[in-house]
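These notes are about the structure you will find just below.
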Amino acid sequence: MTAHSSKTVLSLDSEAVLSLKDGINFKKSPDDAKCYIIYKENGELKACKNQCKHQGGLFIKDIEDLDGRTVRCTKHFWKLNVSTMQYVNPPDSFTQDELDVVMTDEGGLQLVEVIVWDPWLADPQDPQELQEGEVTVSTSRHTPHTHGWTDLRPFPVGKTGCNYIMTSW
Ligand code: FES
């Protein structure tokens, strides 16, 4: 069993690195057309996939962001501060997974994704029938007043109940 592996998802040569501007840079891999965001501030670089954590939407520049640190998802308008990798809308919610930025001896850089070993993918099991009362599922309701999760209500799942949970904001 291997705990983690990694792969280089984007390489930039020294010329491309020198052309990175302060703030947000959108880059596309010429190999597979996948998109990435590189944020530069005081010579330091942060990077992530250009892929929203909600449902995989593409980020674009947020024209309401005067600091030049926030991108906006084109699907449902979630916002991500790429200087902190924290989603700011919805507030206090998710953190974007960062890519490692590795500088090469030639002055280029590589964005490296760490791939966490997933036992569900490595050793998939056949679905099994749930028995009546075997599982209890809790639901929750988001209230606009507190921006918190409240009102937990367990209910039994049986043959006539749902066998999966869908979460949504
Ligand atoms: S996919 Fe980004 S907000 Fe829904």
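Counting along the sequence shown from 1, when you hit position 49 you're at 49 in the UniProt record's numbering, and nothing is skipped either side. Note that the Cβ used here is the ideal one computed from N, Cα and C, for glycine as well.
One Cα belongs to residue 18, the other to residue 63, and the distance between them is close to 25 Å. Cβ-Cβ separation between residue 115 and residue 71: approximately 24 Å, too far for a contact (criterion under 8 Å). Closest in C-alpha terms to residue 105, from the list 8, 14, 74, comes 14. Per DSSP, residue 15 is one residue of the alpha helix (DSSP H) stretching across 14 to 18.
Residue range 109 to 116 is occupied by the beta strand (DSSP E) that includes residue 111. Listed as beta-bridge partners of residue 95 by DSSP are 86. Relative to residue 110, the option among 5, 6, 4, 10 whose CA is nearest is 10.
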